[in-house]
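Engineer: Counting in this note's numbering, the sequence shown runs from 1022 upward without gaps.
Positions of the beta carbon are idealized from the N, C-alpha and C atoms, including for glycine.
Every value quoted in this text rests on a predicted model; they were computed, and no experiment measured them.
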Amino acid sequence: MKIAVLKEQAAGETRVALTPETAKKFIALGAEVSVETGAGETAAIADSAFRDAGASVGPAAEVVKDAGIVLGVRAPDPAALSGAKPGAKVAALFDPFRDGARVEAYASAGYEALSMEFMPRITRAQSMDVLSSQSNLSGYKAVIAAADQYGRAFPMMMTAAGTVQAARVFIMGVGVAGLQAIATAKRLGAQVSATDVRSATREQIESLGAKAIFVEEGGIEGEGSGGYASEMSDEYKAAQAKLVSEHIAKQDIVITTALIPGRPAPRLVSDEQIASMKPGSVIFDLAVPQGGNVEGAVADELVTRHGVTIMGYANTPAQLAPDSSALFARNLYNFLSAFWDGEAGGPVLDEEIGDAVRLTQGGQVVNARLKDAG
């Protein structure tokens, strides 16, 4: 089985879906690995490192020719796969809810699209979960970037000249990214508080040494399927807005991380709430690629409103390309190797995970989640 890895074409995408480490592992399974020239440059991986690992390196057309598996961070345009085997598997991020045209194009081209976003959140798939691995790094980077923009010290410092007060950091949304943001801010010495619509996260927040800020409303529960948040009632939204307004005015840094799969990011911070914050405060919106949690947030731009800086990256993991690539590549290897069949010469996916991630097969869109959403 030939595995092909192409250079990423999406704007601002610096990651790569294979590393020399995982190339060696795939070769040990009996696969042939081929990488497009320069595919790893933006992630600090030289072509020579892939060659040393046993992979071949060359132009895209040569790399993709006769490939049975194509690995990507962002799913390549189907036209770029010309020459691959009929029905070749493509494992990558497809953004299937927002990019239905690409999914349809994959179906028309006869490829088997495997959406890594749809990896089920079950115990045996944890090592395959690219969203979790990338969110971990995103939560870390959000705090580091916000701290740099804030321009003041995070920890309390007691000096002969006086005391520097610790920064107050508020994390909104306590999934994987939010938990890492809490841990990072605590390590930097900040006073950290956090909130979420899921009551089950209270214990997680407190276990990291942060203060849990929750709406005390009976019967409100925000746990959705797969551990994600669900859409909340109007009653809850009103209570949450009041709580946030009271708390956010005291904060120096706010990190927002809230996402609902298949829907625009929920609005958590209004212009009025921004106006209540102290001048010089910073808000980092991790959800800005999906429309943003914060009013006025613009991807890859520093926006100043009422003396508060609002920021967020269109692709936060790409800001840490070497590490995010290493984790992404391991997720892909863990996924495919778990189903590798030596006799078949490649992966044979089971129903539980295979049906969850498979978008297209045999010229059709086959994924149940996409069909239900449509």
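For the putative contact between A1394 and G1283, defined by C-beta atoms under 8 Å, what is the C-beta separation to the nearest angstrom?
Structural biologist: That pair is a contact at about 6 Å.
Engineer: Evaluate V1275 with the Cβ neighbour count: other Cβ atoms within 10 Å of its Cβ, from every protein chain shown; 16 or more gives buried, anything less gives exposed.
Structural biologist: When all chains shown are included, V1275 counts as buried.
Engineer: I need the straight-line Cα distance from A1211 to E1042, nearest angstrom please.
Structural biologist: Cα-Cα distance, rounded: 36 Å.
Engineer: Could you give the distance in angstroms between the alpha-carbon of V1037 and the alpha-carbon of A1067?
Structural biologist: If you take the alpha carbons of V1037 and A1067, they lie about 12 Å apart.
Engineer: Cutting at 7 Å between CB atoms, please list the residues of its own chain near Y1249, excluding the five before and the five after it.
Structural biologist: In this prediction, Y1249 has a pLDDT of 49, which is less than 50 and means its spatial position is unreliable; nothing more can be read from the coordinates.
Engineer: Using alpha carbons as the reference points, say which of V1094, A1259, G1059 and R1223 lies closest to L1152.
Structural biologist: Residue V1094 is the option with its Cα nearest to L1152.
Engineer: Please report how far the alpha carbon of Y1171 lies from the alpha carbon of A1259, in whole angstroms.
Structural biologist: The straight-line gap from Cα to Cα measures roughly 30 Å.
Engineer: On the DSSP letters alone, give me the boundaries of the alpha helix (DSSP H) that L1158 sits inside.
Structural biologist: Counting along the chain, the alpha helix (DSSP H) containing L1158 begins and ends at V1151 to Y1171.
Engineer: Have a look at E1293 and K1263 and give me their C-alpha separation to the nearest angstrom.
Structural biologist: Taking the straight line joining both Cα atoms gives about 12 Å.
Engineer: Could you have a look at Q1385 and say whether DSSP puts it in helix, strand or coil?
Structural biologist: Of the three classes helix, strand and coil, the one that applies to Q1385 here is strand, per DSSP.
Engineer: Excluding the 5 residues flanking A1202 on each side, which residues of the same chain have their C-beta closer than 6 Å to its C-beta?
Structural biologist: Hits under 6 Å: G1160, A1163, V1164, I1192 and I1276.
Engineer: What is the DSSP secondary structure of M1193, reduced to helix, strand or coil?
Structural biologist: Looking at M1193 - three-state DSSP - the assignment turns out to be strand.
Engineer: Using beta carbons (cut-off 7 Å, strictly below), is L1289 in contact with chain B?
Structural biologist: Judged by its chain identifiers, the structure shown contains no chain B, having just a single protein chain.
Engineer: Based on DSSP bridge pairs, tell me the residues matched to A1206.
Structural biologist: Paired residues: none, contrary to the question.
Engineer: Whole beta strand (DSSP E) runs in the segment 1288-1354 with 3 or more residues, listed along the chain?
Structural biologist: Complete beta strand (DSSP E) runs here, min 3: 1303-1306, 1324-1326 and 1329-1332.
Engineer: Is the beta carbon of V1378 sitting closer than 7 Å to the one on M1140?
Structural biologist: Yes. Within cutoff.
Engineer: Using only alpha-carbon positions, find the residue among E1322, I1374 and I1304 that is nearest to N1314.
Structural biologist: Out of E1322, I1374 and I1304, I1304 has the C-alpha closest to the C-alpha of N1314.
Engineer: Taking the straight line between their C-alpha atoms, what separation do you get for V1085 and E1267?
Structural biologist: One C-alpha to the other measures close to 56 Å.
Engineer: Is the beta carbon of V1195 closer than 7 Å to that of A1168?
Structural biologist: It is not a contact, given that the beta carbons lie outside the stated cut-off.
Engineer: Could you work out which residue in T1040, Q1030 and E1034 is closest to A1350 when comparing CA atoms only?
Structural biologist: For the residues T1040, Q1030 and E1034, the minimum Cα distance to A1350 belongs to T1040.
Engineer: Does the distance from the C-beta atom of A1318 to that of S1297 stay below 7 Å?
Structural biologist: For A1318 and S1297, no; Cβs fall outside 7 Å.
Engineer: On the CB-based measure, 16 or more other CB atoms within 10 Å of its CB, does I1143 come out buried or exposed?
Structural biologist: Classification for I1143: exposed.
Engineer: Less than 7 Å between C-beta atoms, sequence neighbours within five positions excluded: which residues of the same chain meet that for Q1225?
Structural biologist: Answer for Q1225: V1195 and L1200, listed in chain order.
Engineer: Answer with buried or exposed for R1208, where buried requires no fewer than 16 other C-beta atoms within 10 angstroms of its C-beta.
Structural biologist: Looking at its Cβ environment, which holds fewer than 16 other Cβ atoms inside 10 Å, R1208 is exposed.
Engineer: Would you tell me roughly how many angstroms separate the C-alpha atoms of A1080 and T1058, rounded to the nearest one?
Structural biologist: Rather than Ala, the amino acid found at residue 1080 in this sequence is Pro. The alpha-carbon atoms of P1080 and T1058 are separated by roughly 6 Å.
Engineer: Can you list, in chain order, the residues of its chain with a C-beta nearer than 6 Å to that of N1157? Leave out the 5 residues immediately preceding and following it.
Structural biologist: Here the set comprises V1197 and Q1201.
Engineer: Would you list, in sequence order, the uninterrupted beta strand (DSSP E) runs of no fewer than 3 residues that lie entirely inside the segment 1038-1107?
Structural biologist: The qualifying runs are 1053-1057, 1077-1079 and 1090-1095.
Engineer: By the DSSP assignment, the alpha helix (DSSP H) with V1265 in it spans what residues?
Structural biologist: Unbroken alpha helix (DSSP H) run through V1265: D1255 to I1269.
Engineer: If P1343 sits next to A1064, beta carbons under 8 Å apart, how far is it from one beta carbon to the other, in whole angstroms?
Structural biologist: Between A1064 and P1343 the Cβ distance is about 5 Å, and since that is below 8 Å, they are a contact.
Engineer: Which of the three DSSP states, helix, strand or coil, is assigned to E1237?
Structural biologist: E1237 falls in the coil class under three-state DSSP.
Engineer: Once DSSP output is grouped into helix, strand and coil, what is the label at I1143?
Structural biologist: Coil at I1143, not helix or strand.
Engineer: Is the CB-CB distance between A1082 and K1045 below 7 Å?
Structural biologist: No; because the gap between Cβ atoms is not below 7 Å, this pair is not in contact.
Engineer: Taking the straight line between their C-alpha atoms, what separation do you get for A1100 and E1029?
Structural biologist: Approximately 14 Å between the Cα atoms of the pair.
Engineer: The beta strand (DSSP E) that contains V1111, what's its start and end?
Structural biologist: Run containing V1111: K1110 to L1114, per the beta strand (DSSP E) assignment.
Engineer: Assuming V1421 contacts A1128 (C-beta within less than 8 Å), just tell me the rounded distance between them.
Structural biologist: Residue numbering for the chain in the displayed model covers 1022 to 1395; residue 1421 lies beyond these limits and cannot be assessed.
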